[in-house]
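Sequence lines, in order, name chains A and B. This note's numbering puts the first residue of the first sequence at 24, with every later residue one more than the last. This note's numbering puts the first residue of the second sequence at 24, with every later residue one more than the last.
2 protein chains.
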Amino acid sequence: MTAERPGVGHPPGAERPARAALTRVAEPGDEVVGRWLADLGATAVLRALREDRRLPGVSADRWAGLRGRAARAEPERDLAAAAGIGARFVCPGDREWPRQLDDLGPRRPIGLWVRGACSLRFVALRSVAVVGARACTDYGAHVAGELSGALAERGWTVVSGAAYGIDAAAHRGALAVGGATVAVLACGVDRPYPAGHRGLLDRVAACGLVVAELPPGEHPTRGRFLQRNRVIAALTRGTVVVEAARRSGSLVTARQAGRLGRALMAVPGPVTSGLSAGTHQLIREEAVLVGSAAEVVEMAGHMGELAREETGPAVPRDLLAPPAAQVLDALPAAGAVGADAVAAGACTSREAALARLRELSCLGFVERVGDRWQLCRTAARHADGLPPDA
Amino acid sequence: MTAERPGVGHPPGAERPARAALTRVAEPGDEVVGRWLADLGATAVLRALREDRRLPGVSADRWAGLRGRAARAEPERDLAAAAGIGARFVCPGDREWPRQLDDLGPRRPIGLWVRGACSLRFVALRSVAVVGARACTDYGAHVAGELSGALAERGWTVVSGAAYGIDAAAHRGALAVGGATVAVLACGVDRPYPAGHRGLLDRVAACGLVVAELPPGEHPTRGRFLQRNRVIAALTRGTVVVEAARRSGSLVTARQAGRLGRALMAVPGPVTSGLSAGTHQLIREEAVLVGSAAEVVEMAGHMGELAREETGPAVPRDLLAPPAAQVLDALPAAGAVGADAVAAGACTSREAALARLRELSCLGFVERVGDRWQLCRTAARHADGLPPDA
Numbered sequence: 024m025t026a027e028r029p030g031v032g033h034p035p036g037a038e039r040p041a042r043a044a045l046t047r048v049a050e051p052g053d054e055v056v057g058r059w060l061a062d063l064g065a066t067a068v069l070r071a072l073r074e075d076r077r078l079p080g081v082s083a084d085r086w087a088g089l090r091g092r093a094a095r096a097e098p099e100r101d102l103a104a105a106a107g108i109g110a111r112f113v114c115p116g117d118r119e120w121p122r123q124l125d126d127l128g129p130r131r132p133i134g135l136w137v138r139g140a141c142s143l144r145f146v147a148l149r150s151v152a153v154v155g156a157r158a159c160t161d162y163g164a165h166v167a168g169e170l171s172g173a174l175a176e177r178g179w180t181v182v183s184g185a186a187y188g189i190d191a192a193a194h195r196g197a198l199a200v201g202g203a204t205v206a207v208l209a210c211g212v213d214r215p216y217p218a219g220h221r222g223l224l225d226r227v228a229a230c231g232l233v234v235a236e237l238p239p240g241e242h243p244t245r246g247r248f249l250q251r252n253r254v255i256a257a258l259t260r261g262t263v264v265v266e267a268a269r270r271s272g273s274l275v276t277a278r279q280a281g282r283l284g285r286a287l288m289a290v291p292g293p294v295t296s297g298l299s300a301g302t303h304q305l306i307r308e309e310a311v312l313v314g315s316a317a318e319v320v321e322m323a324g325h326m327g328e329l330a331r332e333e334t335g336p337a338v339p340r341d342l343l344a345p346p347a348a349q350v351l352d353a354l355p356a357a358g359a360v361g362a363d364a365v366a367a368g369a370c371t372s373r374e375a376a377l378a379r380l381r382e383l384s385c386l387g388f389v390e391r392v393g394d395r396w397q398l399c400r401t402a403a404r405h406a407d408g409l410p411p412d413a
Numbered sequence: 024m025t026a027e028r029p030g031v032g033h034p035p036g037a038e039r040p041a042r043a044a045l046t047r048v049a050e051p052g053d054e055v056v057g058r059w060l061a062d063l064g065a066t067a068v069l070r071a072l073r074e075d076r077r078l079p080g081v082s083a084d085r086w087a088g089l090r091g092r093a094a095r096a097e098p099e100r101d102l103a104a105a106a107g108i109g110a111r112f113v114c115p116g117d118r119e120w121p122r123q124l125d126d127l128g129p130r131r132p133i134g135l136w137v138r139g140a141c142s143l144r145f146v147a148l149r150s151v152a153v154v155g156a157r158a159c160t161d162y163g164a165h166v167a168g169e170l171s172g173a174l175a176e177r178g179w180t181v182v183s184g185a186a187y188g189i190d191a192a193a194h195r196g197a198l199a200v201g202g203a204t205v206a207v208l209a210c211g212v213d214r215p216y217p218a219g220h221r222g223l224l225d226r227v228a229a230c231g232l233v234v235a236e237l238p239p240g241e242h243p244t245r246g247r248f249l250q251r252n253r254v255i256a257a258l259t260r261g262t263v264v265v266e267a268a269r270r271s272g273s274l275v276t277a278r279q280a281g282r283l284g285r286a287l288m289a290v291p292g293p294v295t296s297g298l299s300a301g302t303h304q305l306i307r308e309e310a311v312l313v314g315s316a317a318e319v320v321e322m323a324g325h326m327g328e329l330a331r332e333e334t335g336p337a338v339p340r341d342l343l344a345p346p347a348a349q350v351l352d353a354l355p356a357a358g359a360v361g362a363d364a365v366a367a368g369a370c371t372s373r374e375a376a377l378a379r380l381r382e383l384s385c386l387g388f389v390e391r392v393g394d395r396w397q398l399c400r401t402a403a404r405h406a407d408g409l410p411p412d413a
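#1: Can you tell me whether L102(A) is buried or exposed? The criterion is at least 16 other CB atoms within 10 Å of its CB, across all chains shown.
#2: Which same chain residues end up closer than 8 angstroms to V48(A) when comparing Cβ atoms and leaving out the 5 residues on each side of it in sequence?
#3: Which residue spans inside the stretch 32-77 of chain A form an unbroken alpha helix (DSSP H) run of at least 4?
#4: How is T276(B) classed by DSSP in three states: helix, strand or coil?
#5: Within 7 angstroms (strictly less), CB to CB, does H303(A) reach chain B?
#6: Interface residues of chain B around R270(A) at Cβ under 9 angstroms?
#7: How about L287(B): is its C-beta nearer than 7 angstroms to some C-beta of chain A?
#8: For the stretch 306-320 of chain A, enumerate the residues whose C-beta is nearer than 9 angstroms to any C-beta of chain B, in chain order.
#9: Kindly list the residues whose CB is nearer than 7 angstroms to the CB of L354(A), restricted to its own chain and excluding five residues on each side of it in sequence; keep chain order.
#10: By Cβ distance below 7 angstroms, which residues in the same chain neighbour Y162(B) in space, the five residues on each side in sequence not counted?
#11: Can you pull the chain B residues whose beta carbon is under 9 angstroms from the beta carbon of G292(A), in chain order?
#12: What is the residue span of the beta strand (DSSP E) that W136(A) lies within?
#13: Are the beta-carbon atoms of T295(A) and V151(A) separated by less than 7 angstroms?
#14: Could you tell me which chain B residues have their CB closer than 7 angstroms to the CB of V263(A), listed as they occur along the chain?
#15: What do you get for R42(B), buried or exposed, if any count of 16 or more other CB atoms within 10 angstroms of its CB means buried?
#16: Roughly how many whole angstroms lie between the Cα atoms of E333(A) and G324(A)?
#17: Go ahead and label E119(A) buried or exposed: buried means 16 or more other beta carbons lie within 10 angstroms of its beta carbon, across all protein chains shown.
#18: Looking at L143(B) and V181(B), is the spacing between their C-beta atoms short of 7 angstroms?
#19: If you measure between the beta carbons of V166(A) and V265(A), is that distance less than 7 angstroms?
#20: What's the call for P121(A), buried or exposed, on a 16-neighbour Cβ count within 10 Å?
#21: Return the CA-CA distance between L249(B) and P243(A), expressed in angstroms with no decimal places.
#22: If you run the structure through DSSP and keep just helix, strand and coil, what is F112(B)?
#23: Compile a chain-ordered list of the residues in the stretch 157-191 of chain B whose CB is closer than 8 angstroms to at least one CB of chain A.
#24: Of the residues L377(A), S273(A) and L312(A), which one's Cα is nearest the Cα of G188(A)?
#25: Quick one: give me the first and last residue of the alpha helix (DSSP H) that W86(B) is part of.
#26: Could you compute how far the alpha carbon of D75(A) sits from the alpha carbon of R85(A)?
#27: Please report the Cβ distance between V137(A) and R111(A), rounded to the nearest whole angstrom; I am assuming they are in contact, meaning their Cβ atoms lie under 8 angstroms.
#28: Using the rule of at least 16 other Cβ atoms within 10 Å of the residue's Cβ for burial, across every protein chain shown, is L343(A) buried or exposed?
#29: Nearest chain C C-beta to R118(B) closer than 7 angstroms, yes or no?
#30: Quickly, what does DSSP pair S183(A) with across the bridge? List them, please.
#31: Can you name, in chain order, every residue of its own chain whose Cβ lies under 7 angstroms from the Cβ of A37(A), other than the five neighbours on each side?
#32: The alpha helix (DSSP H) that contains E321(A), what's its start and end?
#33: With V153(B) as the anchor, note down where its beta strand (DSSP E) starts and where it stops.
#34: So, A193(B) versus V234(B), is the Cβ gap smaller than 7 angstroms?
#35: By DSSP's criteria, G361(B) is part of a beta bridge. Which residues make up the other side?
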């Protein structure tokens, strides 16, 4: 944890440990607890549970269950455990909180446990979910990897669920070109799930973020997988389903994205393949057919308030946190330089410089050329004080 | 030519040879000639050309060209030549004329040269165009064949252009299950084009129809191929594009179908295949993604005035021409019988019985079970005088 991470800028006081505790108490997506939080705040909700002052909307049995979990919750220990594995807790009110999650209303996550150096808010600003079948075909894995690589090369963050099949191909495709990728888990961020993806999740955390609603140590359940999907849908500007059988879980994520006003996209395949039946069904119903990163960006780029990013940076340069602004200043007006040169110019470590460069890439200020970095053309104009059309 | 073909019932008098002559004079889809025909009738237009009384809307050079062709036209010889190869000339006003072609307005064909025993109007009543790339992939040929076979099994007529690739696979798929199929050519019906499809076109004529706007002996040109596509689009209730590169001629047919209010459908494929790029583009623009005959029928079945066919015959039984009614009467109330038994019962030849059975299948009265025929369940109810919901 360094002072330059935006999340640390505005701690919400006593609310933070209370929210951390409640991630151990309430299941993800619990609307009743979400309403209590909106009405009373986390500290009051946690106190009510611990003092057995029953809140409205739950049965006696369910209240007793929540109360039991609240009694056992040890947020300070969880926060320390998270710090021990390089993770932190990000919650509403933090500068790092991705505001688009507020669209979930009472189903908004209580907070997110985040492992990795980048700002969650920044990397999620221009992000797309690439999801699909676990038991995918070679075609599906190929397309997911190529698409994610091309999206990452355009400065888009690829968000997925770290499952076998399409999810893994999506993360790997982004990692292969040095892009940012976010894995949203249905268990604690300390849990490598699936176990075979321990190495993949470590690489994702190194170049992007591993994110979970559940506190360290929690294991995934069927319900948690479904709720995890709503976070993927809400975090991103659009969801691309690459392969899915009819009645697959990926279709649930996709339809949630549509309901949240996000771009809903699907990749077609042979009509002779059962693993394209779900994506074809989506296209027949509501999804836009996509086959390339350009088509994905065309759709997702126009969603939400930040569409103007397509022609320039997502936020004005003046609003950048000082560490990011220093890294941006370290880039030459023309030409590309390596991360070491940027780190030297910004007087920070190579790792911190890379994390800021990835954020600045997501924000549309810089772009990667091989293993070097340069100012985006439009960003350079902004930096020079010239109008975008100059 | 037999008395039971509906086209022979209402001959339009002197208009018929004049229209036959004009198919030799005007290029397919000539809107100026189409307007003359609507205003004056074919006999007057032909007389004006032969007597050099210039009609409005054409340059002196073009008038001279049309006049030269009119002077050389020998409609009686063309009609005799057509009869010699088992073909006939069908034009507006004939009972066999497919009324949906009138949607083309001044671009309506002057008439159609038709080779084969079935009624063009009847087989086209419930028909779908299956078109696509000449240089198709194995996947495309497989899907076109399977789809066309399944459509033919449901009593739908498959219309295509007899080209190599998707077109041929579509005709063959329908023929393989004994279904009706219509090949619309860009040359005379006596010309096997492409030459390698002589055998295929003979089989299409034997079990369905070979149709052309151009009189016997005419050869195809690029412009004639494009105009042929408008006939395919207008004749059918919908067009399915199976494989097409970007900027392919099949996309032109498809978009014409859409403009004519016909169902516009496309089959997806791998996004890695250039031969699916055109169908994906169509789906992104306006086409409905389809992958099965059920989905095609769902779309095309609801187009136009004849949607009620889906739940019963397209025309009331009373309106059937006597030969068709006799064949229908020869079918038992329950169970399936062979064509020989039907022919014996209707006191006609096996060939004539089969032509009527195929028409009745297109009209929704009968259905094929292997090589036997039976009354459709809904048609049987109509025949019994029971309401459809009984």
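We treat Cβ as the ideally placed atom computed from N, Cα and C, and that holds for glycine.
Walking through what the data contain:
#1: Counted from its first residue, the first sequence places residue 102(A) at position 79. With 16 or more other Cβ atoms within 10 Å, it is buried.
#2: Within the first sequence, numbered from 1, the residue matching residue 48(A) stands at position 25. Result list for V48(A): V56, L69, L72, L89, R92, A93 and A96, in chain order.
#3: Counting only unbroken stretches of 4 or more residues, the alpha helix (DSSP H) elements lying wholly within the stretch 32-77 of chain A are 38-48, 54-63 and 65-73, in sequence order.
#4: The residue labelled residue 276(B) in the question sits at position 253 within the second sequence. Helix, per DSSP.
#5: One-based indexing of the first sequence puts residue 303(A) at position 280. At a cut-off of 7 angstroms between C-beta atoms, H303(A) counts as an interface residue with respect to chain B.
#6: On the first sequence, residue 270(A) is found 247 positions in, with the first residue counted as 1. Here the premise fails: no neighbours, minimum Cβ distance about 16 angstroms.
#7: Residue numbering aside, residue 287(B) sits at position 264 when the second sequence is read from its first letter. Closer than 7 angstroms: no.
#8: Flagged, chain order: I306, R307, V311, L312, V313, G314, S315 and E318.
#9: The residue labelled residue 354(A) in the question sits at position 331 within the first sequence. So the list reads V360, V365, V389, W396, Q397 and L398, once near-sequence residues are dropped.
#10: Sequence index remark: in the second sequence, residue 162(B) carries index 139 (1-based). Counting only Cβ-Cβ distances below 7 angstroms, and skipping sequence neighbours, we find G292.
#11: The residue you call residue 292(A) lines up with position 269 of the first sequence. Those are P291, G292, P293 and V294, listed as they occur along chain B.
#12: Taking the first sequence and counting its residues from 1, the one referred to as residue 136(A) is at position 113. L135 to R138 is the span of the beta strand (DSSP E), which, as asked, contains W136(A).
#13: The sequence position of residue 295(A) within the first sequence is 272, counting from 1. The sequence position of residue 151(A) within the first sequence is 128, counting from 1. No.
#14: In the first sequence, the residue the question calls residue 263(A) occupies position 240. Chain B residues near V263(A): none, gap ~11 angstroms exceeds 7 angstroms.
#15: Start at 1 with the first residue of the second sequence, and residue 42(B) comes out as number 19. Residue environment analysis places R42(B) among the buried positions, since at least 16 neighbouring C-beta atoms fall within 10 angstroms of its C-beta.
#16: To locate residue 333(A), count along the first sequence from 1; it is residue 310. To locate residue 324(A), count along the first sequence from 1; it is residue 301. Caution applies to E333(A), whose pLDDT of 44 falls short of 50 and renders its modelled position unreliable; the value that the coordinates give is listed next. Between E333(A) and G324(A), the C-alpha separation is close to 6 angstroms.
#17: In the first sequence, counting from the first residue as 1, residue 119(A) sits at position 96. By the neighbour-count definition (other C-beta atoms within 10 Å, threshold 16), E119(A) is a buried residue.
#18: Counting from 1 along the second sequence, the entry for residue 181(B) is found at position 158. Counting from 1 along the second sequence, the entry for residue 143(B) is found at position 120. If you check the CB distance, V181(B) and L143(B) do not come in under 7 angstroms.
#19: Here residue 166(A) refers to the residue found at position 143 when the first sequence is read from its first residue. Here residue 265(A) refers to the residue found at position 242 when the first sequence is read from its first residue. In this structure, V265(A) lies closer than 7 angstroms to V166(A) by Cβ.
#20: One-based indexing of the first sequence puts residue 121(A) at position 98. P121(A) comes out buried.
#21: In the second sequence, the residue the question calls residue 249(B) occupies position 226. In the first sequence, the residue the question calls residue 243(A) occupies position 220. Answer to the nearest angstrom: the Cα atoms are 59 angstroms apart.
#22: Position 89 of the second sequence, counting from 1, holds the residue named residue 112(B). Here F112(B) carries a strand assignment [DSSP, helix/strand/coil].
#23: Flagged, chain order: Y162, H165 and V166.
#24: Along the first sequence, read from residue 1 onward, the residue named residue 188(A) stands at position 165. Considering only alpha carbons, the answer is S273(A).
#25: One-based indexing of the second sequence puts residue 86(B) at position 63. Start and end: A83 to R95.
#26: One-based indexing of the first sequence puts residue 75(A) at position 52. One-based indexing of the first sequence puts residue 85(A) at position 62. If I take the Cα positions, the gap works out to 12 angstroms.
#27: In the first sequence, counting from the first residue as 1, residue 137(A) sits at position 114. In the first sequence, counting from the first residue as 1, residue 111(A) sits at position 88. Here V137(A) really is in contact with R111(A); their C-beta atoms are around 6 angstroms apart, less than 8 angstroms.
#28: To locate residue 343(A), count along the first sequence from 1; it is residue 320. In summary, L343(A) is buried, with 16 or more beta-carbon neighbours lying within 10 Å of its beta-carbon over all protein chains present.
#29: In summary, chain C is missing from the structure at hand, where the protein chains are A and B.
#30: Residue mapping note: residue 183(A) aligns to position 160 of the first sequence, counting from 1. Residue pairing of S183(A) in beta bridges, as defined by DSSP: A206(A).
#31: As a first step, residue 37(A) is located in the first sequence; it is residue number 14 there, counting from the start. T66.
#32: To locate residue 321(A), count along the first sequence from 1; it is residue 298. Counting along the chain, the alpha helix (DSSP H) containing E321(A) begins and ends at A316 to A323.
#33: The residue you call residue 153(B) lines up with position 130 of the second sequence. Element bounds for V153(B): S150 to V154.
#34: Along the second sequence, read from residue 1 onward, the residue named residue 193(B) stands at position 170. Along the second sequence, read from residue 1 onward, the residue named residue 234(B) stands at position 211. Taking C-beta atoms as the reference points, A193(B) and V234(B) fail to come closer than 7 angstroms.
#35: Here the question's residue 361(B) lines up with position 338 in the second sequence. For G361(B), DSSP records a beta bridge to R395(B).
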